[in-house]
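Numbering (our numbering), first residue to last: 2 to 224.
Remarks on the structure that follows.
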């Protein structure tokens, strides 16, 4: 059976895995699964009722970091991790810093930035403080030469190209300042390079379509 990527394209972690699969040329199918603890497509497949997850010939696997590792080992052709153990570990380190200390922190702004919610001033101050620290830490690791880990596109780019613009957008909308661009003035040039890749164009097009699908679901129903 072909690998099945489950979730929805508007999810940044789903898009991270999708970009990895496309870059490696791995055959895969997509299954649209919305979040919700009682969603029948989630029960028994994702213990925390989160997306994305993947369906393999041996069963389901959740958490994007574990999924990415499985994909790299299961399909070693077109590797997105260096063969040297230390260099590969440094890429994993970058991804963890990016996701734990930047994306997860900025996520507290998403409700106001993208879903018409409201974030308290206390939360904004906390995000500003922690995100500034996280970005400074990530800056000591990331190289952007021109890709995150060096001259070749790799697994770190699958995460950075999705998470950094989203965090930057949330900062601009909620904090009225772009902490990401302040830390990485060349982020725009990096994204031009990434967005020129056919794989990223596919990811972006699918995200746009899925955003329209989500908006339709959220729209008031006629009475």
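Virtual Cβ for every residue (Gly too), placed ideally from N, Cα, C.
Take residue 17, set aside five residues on each side of it, and the residues of its chain with a beta-carbon closer than 8 Å to its own are 65, 69, 159, 160, 163 and 164, in chain order.
Separation of residue 103 and residue 125 (C-alpha to C-alpha, rounded to the nearest whole angstrom) is 14 Å. Here residue 27 is actually not in contact with residue 52; their C-beta atoms are around 19 Å apart, not less than 8 Å. If the five residues before and after residue 62 are omitted, its C-beta is found closer than 7 Å to the C-beta atoms of 54, 55, 68 and 71, all from its own chain and listed in chain order. If you draw a straight line from the Cα of residue 138 to the Cα of residue 98, it comes to about 8 Å. Spatial neighbours of residue 31 in its own chain (CB-CB distance under 6 Å, excluding positions within 5 residues in sequence) are listed in chain order as 6. Sequence-distant Cβ neighbours of residue 151 in its own chain, meaning closer than 7 Å and more than five residues away, are 144. Distance check between residue 2 and each of 58, 182 and 100 places 58 closest, using alpha-carbon atoms only. Cα atoms of residue 46 and residue 9: separation of roughly 15 Å, rounded to the nearest angstrom. Taking residue 148 as the centre and dropping the five residues before and after it, the same chain places the C-beta of 154 and 158 closer than 6 Å to its C-beta, in chain order. A check of alpha carbon separations from residue 170 across 40, 87 and 113 identifies 113 as the nearest. Straight through space, the alpha carbons of residue 207 and residue 201 are spaced by roughly 10 Å. Excluding the 5 residues flanking it on each side, residue 83 has same chain C-beta neighbours closer than 7 Å at 89 and 92, in chain order. Within the model, the alpha-carbon separation for residue 135 versus residue 29 is close to 34 Å. In the DSSP assignment, residue 5 falls within the unbroken beta strand (DSSP E) covering 4–8. Sequence-distant partners of residue 156 (beyond 5 residues in either direction) whose C-beta falls short of 6 Å from its own C-beta, in its chain, are 81, 82 and 92. Given a length threshold of 4 residues, each whole run of the alpha helix (DSSP H) inside the stretch 33–109 is given here in chain order: 65–75 and 86–99. When C-alpha distances from residue 95 are compared across 106, 141 and 105, the shortest belongs to 141.
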